[in-house]
Structures are given as structure tokens and as C-alpha cells.
Amino acid sequence: MSNQQQSALSQKRDPLRLPKVILALFMTFLFLFPIFWMIFVSLKPESQPAASPLEWFLPPYTFVNYIDVIGGSDIFLWIWNSFFVGIVTTILTLVLTSLAAFALSKMKFRYRRALFVFFIAGLMVPGEAMIIPLYEIIGAMNLLDTYSGLILPMIAAPLGVIILKSFFDGVPNEVIESAQIDGCTDIRLFWNIVLPLAKPALAAIGILTFIGSWNNFLWPYLAIISESLYTLPVGIPMFNSNYSESYILPMTVNALASIPVIIAFLLFEKQIVKGISFTGIKG
Amino acid sequence: MNKKSWKNELRPLPFILPFFIVYVAFTVFPIFKGMQMSFFNWTLIEQQDFIGLAHYQNVLTDPNFWEAFGNTTLFVVLSTPTMVILALFLALLANLNTRFRTLIRGAFFIPSILSVSVISYVAIFMLQPYTGVVNNLIQAFGIDQEPFWLAEPSLAWVSIIGVTLWWTVGFNMILFLTSLQNIPDDLYEAAEVDGATRMMMFWKITLPQLLPITRVILLLQVLASFKVFGQILLITGGGPGTSTRPIILYIYEMGFERYDLGYAAAMSYLLFVVLLLLSLVQLRLGGKGGRMI
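Chains as they are written, first to last, in my numbering: chain A, 1077 to 1359; chain B, 190 to 482.
Right under this line is the structure:
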């Protein structure tokens, strides 16, 4: 990247470079500290209260808490629920938004512009302010306390349509026209020609949708009553509030919930960062 | 209209319709449903009497509503500038050309992918008096105090804002970082030829070039902070007393603990109007922030 050359060029002349790097590393330590603390506490034997900060991080270590938590809670069930809801939400979001974006970008029909504006307007509707009517609607559909009730309200994300439409707009119309002359059906045009070109956008939207769903708290907290349908973010508080004194087991639950996400982050870092920089949307 | 053009008009339907139906049912319809509910005495068992604007009158004279609204505003006012400045500061650090670059970026961002439940409980237990690591650290530095972080309103706010910063600042940091990397090199090279100091380059090139993204981040942040809920519910439960209760928590309590869905819907509607106005400001002022479109 040419930008790195630039900073390489001027960094020789930056007398403050070393202090800046030290400051950056100090901030790094500060940001990681709570995560390390969580993991180290989860490895503490139950009977070992720590009197000094250092003792949190020193041995003895044990995995017995992990065995206790896995045996004594539904944590795998909650992880499975979160995973299932996340995957279905992500797939449905990608299917619905890419189909709609394809039509808006590559088909000519009346009210096309009006429809696009109608979808854009949805960006301004804050889900958080809509929980009461949404609860009523999902209730009337008899979908409270079901997977569908968790998934359906999340999949009509206009942002995906808007991003994918702008991606599809980049596909030259000549390609589309010549394929149509060759007798290509709309659905094959969509599936074989347009969709493969939007892979980076689909990956970014998909990953951000999955993370959003995985971490979604407010809606599952309202819409789910049965413990067997808890997602992880709802299960954790229910588990943890039973342990207000000792926090070794709660931290084990937190660590168990976080380790897969951290690994996923390390694997998909590039797509996550790309996704954020072109959607720029806060959860 | 002849047969062929009819067919043409129907062609997009299978593509548009699935999204359209879900979008109308779960994004557009709730807006109208919410308005309807706010005009009724609407409880969980749905005894419905039309009462017109009475809920709105009651909400607007409800001191609890204004307290919650004030708390939310306080959170926005305190957290937004801190968040934006910290994000810029971290982005500048993450943009340093060192071999630790990936580590630094990862560290600033990783808290944002953790669940609100995880970060809340890590915070609660770290902040616990006597056994929490934060007080342990304070005392290790020779300060003989035992702050009860969540028991006093001002300390509770400091805790909530601190946790929120740690949790979410990485998101904005990435937006700043991308923008930093998009500043054309020739600007710096030209400035170098002219003999500009690094300080001057920062004030005359970097900051002005970051202005558009700063505006976007600022507005996104105000909107996001206005919707604060999860971490407050889990960390303080709105307490001590009701001193940290934000508007969405009050809506939640009225709707799902006192079962007054009509009243909660009226409050939601007021919140909706505020957020809508903020979004409109964002679309007008966002400049390139309209880049979402």
C-alpha cells in the first residue's frame, strides 16, 4: 500500500515515534486487560480468592470450572440457538436483499425509483423504538417464543438492499443484455452472472449480519420465554445472576461465550473490517 | 396495456416480493401499529378502549419520563464527544507503522464483537468492591479507597460510559482508520517539500481530510447512544434508584413489567420522532454520510 510507504518515509523524521508506539502498546494492554482477566479468572480454582491484582494472573490454573459450567448449564444449547438463529437470519437476509437489489438494479419497471426510496426510508426506522408494536405483531402471529419470532423481524434489512444495488449497478448492462439475447432466464442471470460479482459485498453483509444476530440482546430478551430457546446473550445474564457472590463460574460462562467469537474474529478480520468500512453502521 | 408489457411489469415481482412483504410486515407496519396502540388503553390481555391523546398527555407530564429522557440525553452528551475523540486517537495509534500494527488494531476492535451480556458481567465483577480487580488495582497504586462504583449515581455513570467506550469505540476507530488511509500521499509529500512540520501536517492536512467522516461518526454515534439499553439494564438496572435509567429501559418497564403497552407505545413514539429527526439531520448534514445510500 502506498500509504505505508508514505508513513515509512516520514517516520524517520518523527522524533516522537517511540513514545507513540509505547502509548499504542499501553492502550493495547488496556483494551485487552478485561478479556485476559476474564479468561484467567475462569481458570482459577473456586477456593482461591485473589488479594492482589497480580494473583489474578498467577497459577494455579484449573479447567474444572469449564467442566462444571458445561455440565451444569445449558450453555451449549444457548450457543446452538444463537448459531442457528444467526445462520438462518444471515442466509435469509442475503437471499431477500440480493433478490430485491437485483430487480431494482437490473430490471425496468414502473415505480422502481419510488420503491427504492421506500426501502431507503427504512434506514431511519429505529428498531429499538418499535419493540412494543413488534411484540404485539409477533404475538398476534403466535410467534412469540419461537425461532421464527426471533428471525423474521431481523431479515428485512434495507441497508443490504442499498449496498447490493450499488454493487449490481457496477455490472455493465451490455453483459446483461447479451445474456438475455442468448436466452438466459432472469433467475440464471441473477445466480450465474450478477451474484458471483458481488461476492465481497455478500461476504461483508453476511458476516456483519451474523455478528449482529449473534449479539442481539433486546429482541430475544423480550420475545423468548422458554429457557430451551434462550440465545447466548439472554442465557448469560440468567446464569450469572444466580452467582452474585463468586464470579469464577460466571466468568467461565463469559469466556466460553467469547472464545468462539474471538477465534472467528481472528479468521475473518479482513471481511469484518471491510464490511464496517463500507456499511458504516453501528449495531 | 398490451399483454407483453404486463408480463414485463410482473417480471420483477418474484424478486422484489419476498423482501417487500417482510419489510412491510416488520419495519413499516409496526410504525402504524405503534401509533394505533398509543391511542388505546392497551394491556397484555388487550382490553382496548380508545383514549385519544391521553397517553401522550400523561407521558409529557410524567416526571419519570423526563428523568429517563434526561438520563439518555446525559449519556449522549457525555459519551459522544469522548467516543469520537478516543476513536480518532486510537485510529492514529493504530495507523502507526510498527510491527505490532495488527495486534494494536485487533485489540482496539475486539471488545466490540463481544456480547453486551459478556461485557456487562465482566464490568460488574471487575468493579465489585473488596474483591473486584479495579479496586485491587487502585489500592495497589497506594490509593486507600474502596469506591462502590455502582452504588452512587455519578460513579455509576462513569462506569457505564467507561464500559461503553471500551466496548464500542473500535467500530468508530475502524471508520477513522479507513479514512486516514485514504488521504492521498501527495498532500503530505507536497507539504514536506514546503517544509511543514509534522504538527502542521496534522492540523492542516489530516484533520481537515477527516472532517467528512467525523461528521458521519458523530451523527451515527448520537443515534446509537440515544438507543442505549443493554449495558445499563445489565450493569446497574437503571439504578441506583432510577438515576441511570434510560428511555428504552423505562419503555421496557412500562410495557413488560407493568403491562401498560399503550403507555409504552406512546413513549416509543416520542422516541421514534426524536430519532427520526436525528436521522433526517444525518441525511441532510451527513454530506458523504449519504454514502449509506
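All residues carry an ideal CB built from backbone N, CA and C; glycine is no exception. Computed from a predicted model, the values in this text were never measured in an experiment.
No Cβ of chain A is located within less than 8 Å of the beta carbon of Tyr245(B). Linking Pro219(B) to Leu459(B) through their CA atoms gives a straight-line distance of about 14 Å. In chain order, Ser304 and Val305 make up the part of chain B whose C-beta sits under 7 Å from the C-beta of Asn1291(A).
For the pair Asp1245(A) and Gly359(B), the Cα-to-Cα distance works out to about 31 Å. CA-to-CA, the gap between Pro1095(A) and Phe298(B) works out to about 22 Å.
Against chain B, the CB of Ala1100(A) has a partner CB under 8 Å away; the residue lies at that interface. Per DSSP, the continuous alpha helix (DSSP H) segment holding Asp374(B) begins and ends at Asp374 to Val382. Between Trp355(B) and Pro300(B), the CB-CB gap stays under 8 Å. Between the alpha carbons of Trp1267(A) and Ala1274(A) lies a distance of about 11 Å. Residue environment for Pro1309(A): buried (at least 16 other C-beta atoms within 10 angstroms of its C-beta). Taking C-alpha positions only, Gly419(B) is separated from Thr403(B) by approximately 26 Å. Closer than 8 Å to the CB of Trp255(B) there is not a single CB belonging to chain A. Against chain B, a Cβ distance below 7 Å from Trp1132(A) picks out Val322. For Phe239(B), DSSP records a beta bridge to Phe229(B). Going by beta carbons, Gly223(B) and Ile1214(A) fall outside the 8 Å limit. Below the 7 Å Cβ cutoff, chain A contributes Lys1096, Val1097 and Ala1100 as neighbours of Leu285(B), in chain order. In this chain, the alpha helix (DSSP H) harbouring Leu1235(A) covers Pro1234 to Asp1245.
Below the 8 Å Cβ cutoff, chain B contributes no neighbours of Asn1318(A), its closest Cβ being approximately 12 Å away. Taking a 10 Å sphere around the C-beta of Asn371(B), we find fewer than 16 other C-beta atoms and assign the residue as exposed. The Cβ atoms of Phe254(B) and Tyr441(B) lie no closer than 8 Å to each other. Per the DSSP secondary-structure output, Asp449(B) pairs in a beta bridge with Thr232(B).
The criterion of a C-beta distance shorter than 8 Å is satisfied by Lys416(B) and Ile437(B). The closest CA to that of Thr291(B), considering only Ile1324(A), Leu1101(A) and Pro1276(A), is found on Leu1101(A).
Under the DSSP assignment, Lys1275(A) falls in the alpha helix (DSSP H) whose first and last residues are Lys1275 to Asn1291. For Lys393(B), the closest Cβ of chain A is not nearer than 8 Å.
Separation of Leu408(B) and Gln471(B) (C-alpha to C-alpha, rounded to the nearest whole angstrom) is 6 Å.
A residue is called buried when at least 16 other Cβ atoms come within 10 angstroms of its Cβ; Lys196(B) does not meet this threshold and is exposed. Its chain contains Leu1220, Leu1298 and Ala1299 as the residues whose beta carbon lies nearer than 8 Å to that of Tyr1211(A), once the 5 sequence neighbours on both sides are disregarded; these appear in chain order. Val1097(A) and Asp449(B) have their C-alpha atoms spaced approximately 55 Å apart. The stretch 376-390 of chain B and the stretch 274-294 of chain B do not touch, with fewer than 3 CB-CB distances between them shorter than 8 Å.
For Thr216(B), the chain A residues whose Cβ falls inside 7 Å of its Cβ are Gly1198, Val1201 and Ala1232, in order along the chain. CA-to-CA, the gap between Val307(B) and Val1161(A) works out to about 19 Å. Taking a contact as a CB-CB distance under 8 Å, the pair Asn324(B) and Pro336(B) counts as one, their CB atoms being some 7 Å apart. DSSP places Tyr1306(A) outside both helix and strand once states are collapsed to three, so it counts as coil. A straight-line Cα-Cα distance of about 18 Å links Phe1133(A) and Ile1335(A). With a cutoff of 8 Å on beta-carbon distance, Lys1182(A) and Val1270(A) are scored as near each other.
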